[in-house]
Every structure is written in structure tokens, then in C-alpha cells.
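Number 135 in our numbering belongs to position 135 of the sequence shown; there are no gaps in the numbering. We treat Cβ as the ideally placed atom computed from N, Cα and C, and that holds for glycine. A quick write-up on the structure given underneath.
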Amino acid sequence: MFANRWAILAVLIVVRLAMGFQFQAIASMTPTIAADVGLDFAQIGTLIGFYMLPGAFIAIPSAILGSRFSDLDMVLFGVAVMALGGVIAGWADGFTVLAFGRLLSGAGAVVQSIFLVKMIADWFDEKSLVTAMALMLCGWPMGIAIALGTLGPLAESWGWQPAMYSTAFVCVIAMAAVWLSYRPPPGGPPPTSGRLVFHVPRRELFMVLYAGFVWMVYNLAYFSFLSFGPALLLERGMDVTAAGAAISLASWAALPALPLGGFLADRTGRPDLILGVSCVLAAGAAAALPLSDRPYLLCAAVGLFAAAPAGMIMGRAISLMSPPHRAQGNAILYTFFYGGMGLIPSVVGWGADITGTAATPLYFSAIALLVSVPLFLVMHAMAKRLTAERAVD
């Protein structure tokens with residue numbers, strides 16, 4: 001077991017990588033799955049959203065269950081359920097079973113996400129929390145980038161079912177890594193009481209609800225681009241491999257942007273300025289992609305600028321939660337996040353069907369990025385006021 005907090009963080013990033021890899025599977029294999037199963041954009045969007053939808057219903061029950069079991073137990077259980085869902089999706093020969101596998105994988109993903117964030121918050125202090133959260137979030141685009149670069153060609157060569165099984169295999173590797181390496185921080189929060197409880201102070205509840213809404217809007221912008229970007233590039237004449245490679249640049253560009261954005265926010269104390277500039281530039285690049293003949297450059301720009309604010313938003317959200325209520329606060333935050341991410345992609349996909357082009361989701365992405373700026377400024381003001389009050393107390 002590791003004793004260094006950065007080594008612990010590295011192991012937990014593996015879980016986020018597995019989650020991003022599994023989430024992106026449908027979008028990465030859209031042409032193959034759509035042709036084999038007979039799906040339209042709305043159904044593809046529904047399958048993408050189904051990975052997120054369970055969080056709207058099980059995030060809070062998971063936090064209650066976590067009051068009886070350890071954080072490690074809950075993360076291992078969640079990743080195991082993700083693996084089972086991947087196996088079921090690989091068995092599927094139609095939309096219904098495929099949808100059930102995605103729902104099951106998503107249920108496991110939300111369970112582990114709630115407690116993974118809590119583990120990191122318990123290991124890091126406020127001065128390094130934004131950087132730690134940004135590094136943790138790197139695992140998600142890394143997994144997405146790997147999926148974009150590998151699952152499409154694998155599905156074309158071997159079929160989409162074996163490619164789907166590979167998502168379960170990655171989850172098993174992540175589960176083994178955490179089980180062998182993680183230990184709770186010394187002097188951290190007390191162990192669970194063994195009772196099933198759920199309590200968040202009323203004032204804190206309002207702030208966490210708002211943070212969940214901000215996190216949802218921001219992520220809808222980014223993942224609408226990742227989910228429907230490949231379809232747009234295929235529309236414009238690129239082949240599956242080239243389209244996947246182009247969109248994967250957004251995820252690869254996000255890898256340095258995430259920790260760099262968190263580091264700059266911690267160092268300058270101006271996350272509001274960094275987030276505002278980043279979101280405006282990312283929105284411009286996303287809106288330009290359907291109109292430009294430079295997809296590689298624009299995809300890299302979207303990833304670079306859209307990813308930079310992620311650690312700032314998550315770090316500010318965590319700072320609104322008092323340590324004894326972090327699991328419950330994360331559950332509320334993820335209820336909003338997963339609810340929106342579960343329902344809205346199907347609406348965005350429906351918009352693409354109605355307009356007859358996959359450019360529509362990218363315009364939605366640009367608008368959501370712009371809206372994220374004023375939403376974050378309000379949350380940032382809340383966090384500053386709360387920090388000042390805690391310093392007085």
C-alpha cells in the first residue's frame with residue numbers, strides 16, 4: 001500500500017481512466033453499432049446518456065450506503081458493477097440489452113465517483129486541492145482519448161462486441177490497482193459509524209445544489225462535443241479512423257490543460273479570469289469546427305481550453321462542503337450532474353436528427369460553454385465568502 005498522497009492520487013486516476021474509456025465506447029463505435037443494431041442519432045444519444053442517467057437516482061442512496069461501508073469498499077463495488085455492465089453490453093444483440101448494460105455500468109460509475117472524489121479531498125488540503133482535483137480529472141479524457149483511438153478500428157476489424165468486452169477488462173485492472181494500493185490518510189475523517197444516515201446542513205445544501213448545476217452545464221458542453229464530434233467529421237467525409245484521431249486530440253490536449261489550469265488557479269488566485277478566457281476560446285473553436293477545414297487544430301483547441309477550468313469548478317464545489325458531509329455533498333452534486341448528463345444527450349441527438357446534421361450538438365456545446373462563465377462566477381463568490389467565514393470561526 002502507498003503512503004504518499006501523490007502516489008495514492010495516481011492509483012485513483014486509473015479508475016477515472018477506466019470510466020472515461022467505458023463512457024466513450026458508444027460514441028467511438030457509432031458507425032459500427034448503428035449499422036449492426038440499426039440505431040439513429042437519438043438512440044445513440046440515449047445510449048450515451050444512459051451511462052450517466054443512473055446517477056440521478058442512486059447517488060444519494062449510495063452516499064447513505066457509504067455511511068455503513070468504507071470509501072474503499074464503495075469504490076471497489078462501483079468498479080465491479082461497471083465491469084459487469086460492460087460484459088452485458090458486449091453480449092447484446094439489440095438496443096434493449098445494450099441499454100441495460102450501459103445503465104448498469106453507469107450505476108457503478110456513479111457509486112465509485114462519489115467516493116473517489118471524497119478520498120482525494122481527504123488526502124489533500126485546501127492549498128493543493130484544486131491541483132489534485134485537476135490531476136484526478138485527467139484520467140477521464142485520457143480514457144476517452146484511448147477509446148477514440150482504439151475502439152473504432154477494433155470494432156471495424158473484430159466487431160463491436162469484443163471491443164465492448166475490453167471496457168470491462170479495463171475496469172477489472174482498475175479495481176485490482178486500487179484494492180492493492182489504497183489506504184486511508186493518517187489523521188483523516190473518522191471511520192464510518194455503521195449506521196445508515198444522510199444529513200447536509202440547509203445552507204450547505206443550497207450551495208451544493210447550485211454547484212451541481214454548474215458542473216452539469218459545463219460537462220454537457222464538453223461531452224456533447226466529444227460524443228457527436230466524430231459523427232460530424234464522418235459527415236464531412238473523413239473515415240472512422242481519421243475522425244476518431246481528430247476528436248481524440250481534444251482529449252489528449254486536455255491532459256496538460258487540466259493540471260495546468262488547476263496550477264494557475266492555485267498560483268494566481270484568479271480562477272474566475274482563467275475560466276472565463278478558457279471557456280470563450282473553447283466555445284469559439286467548437287462553433288468553428290462545422291465551418292472549417294482544419295479539424296485537427298480546432299479539436300485540439302477545444303480540448304485545451306475547455307478542459308482547463310474543470311479542476312477549478314470541482315475544487316470550488318468541494319470547498320463548499322464541510323469535511324463531515326463530503327460524501328453526502330458529492331451525492332447531491334452528482335445527482336444533478338448525472339441527471340442532466342443522462343437526459344440531455346438524447347435531446348441533443350434528437351436535435352441532430354431534426355436538423356439533419358451533427359453540427360447542431362457542437363453549437364449547443366459552444367452555447368453551454370459560454371453560459372458556464374457567469375454560473376461559475378456566482379459559485380466562486382459563494383466559496384470566497386464561505387472561506388472568509390470559516391477563517392473567522
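Would you please state the rounded distance, in angstroms, between the beta carbons of residue i and residue j? I believe it to be under 8 angstroms.
i: residue 19; j: residue 140; result: 6 angstroms
i: residue 112; j: residue 78; result: 3 angstroms
i: residue 353; j: residue 41; result: 5 angstroms
i: residue 11; j: residue 178; result: 6 angstroms
i: residue 351; j: residue 49; result: No, residue 351 and residue 49 are not in contact; Cβ-Cβ is about 13 angstroms, not under 8 angstroms.
i: residue 405; j: residue 106; result: The chain is shown only over 1 to 393; residue 405 falls outside these bounds and no answer can be derived.
i: residue 283; j: residue 369; result: 4 angstroms
i: residue 275; j: residue 214; result: That belief does not hold up - the Cβ atoms of residue 275 and residue 214 are roughly 11 angstroms apart, past 8 angstroms.
i: residue 290; j: residue 362; result: 6 angstroms
i: residue 295; j: residue 246; result: 5 angstroms
i: residue 375; j: residue 277; result: Going by Cβ atoms, the distance from residue 375 to residue 277 rounds to 16 angstroms, so no, they are not a contact pair.
i: residue 244; j: residue 148; result: 4 angstroms
i: residue 281; j: residue 138; result: Between residue 138 and residue 281 the Cβ distance is about 20 angstroms, and since that is not below 8 angstroms, they are no contact.
i: residue 92; j: residue 47; result: Wrong, their Cβ atoms sit about 10 angstroms apart, outside the cutoff.
i: residue 53; j: residue 103; result: 7 angstroms
Over what stretch of residues does the alpha helix (DSSP H) that includes residue i continue unbroken?
i: residue 306; result: 295-307
i: residue 201; result: First-last for residue 201: undefined, no H or E at that position.
i: residue 24; result: Counting along the chain, residue 24 falls outside any alpha helix (DSSP H), and DSSP gives it neither H nor E.
i: residue 242; result: 240-268
i: residue 353; result: 326-355
i: residue 287; result: 271-288
i: residue 236; result: Element bounds for residue 236: n/a, residue is neither H nor E.
i: residue 319; result: 310-319
Please name the residue, chosen from the options, that lies closest to residue i on a Cα-to-Cα basis.
i: residue 304; options: 92, 340 and 142; result: 142
i: residue 145; options: 320, 271 and 21; result: 21
i: residue 60; options: 252, 253, 332 and 181; result: 332
i: residue 174; options: 49, 15 and 80; result: 15
i: residue 163; options: 89, 100 and 216; result: 89
i: residue 206; options: 317, 81 and 4; result: 317
i: residue 117; options: 159, 30, 186 and 71; result: 71
i: residue 135; options: 301, 257 and 294; result: 257
i: residue 381; options: 287, 329, 326 and 269; result: 269
i: residue 320; options: 212, 27 and 347; result: 212
i: residue 124; options: 384, 385, 218 and 185; result: 185
i: residue 5; options: 349, 336, 223 and 133; result: 133
i: residue 45; options: 337, 182, 56 and 24; result: 24
i: residue 157; options: 103, 75, 241 and 91; result: 241
i: residue 57; options: 219, 335 and 224; result: 335
i: residue 82; options: 345, 170, 260 and 66; result: 170
i: residue 129; options: 314, 160, 17 and 210; result: 314
i: residue 299; options: 120, 233 and 168; result: 233
i: residue 95; options: 327, 67, 204 and 38; result: 38
i: residue 168; options: 80, 53 and 266; result: 80
i: residue 236; options: 119, 357 and 325; result: 357
i: residue 27; options: 228, 339 and 385; result: 228
Within 6 angstroms: the Cβ of residue i and any heavy atom of the ligand FAD?
i: residue 168; result: Absent from the structure shown: the ligand FAD. Ligands present: none.
Problem - Sequence ranges, alpha helix (DSSP H) only - wholly within the region 104-177, length at least 4 - result: 126-158
Exercise for the section: Can you check the region 23-110 for any alpha helix (DSSP H) of at least 4 residues that lies completely inside it and give the ranges in chain order? Expected result: 25-28, 30-33, 41-50, 55-66 and 71-91
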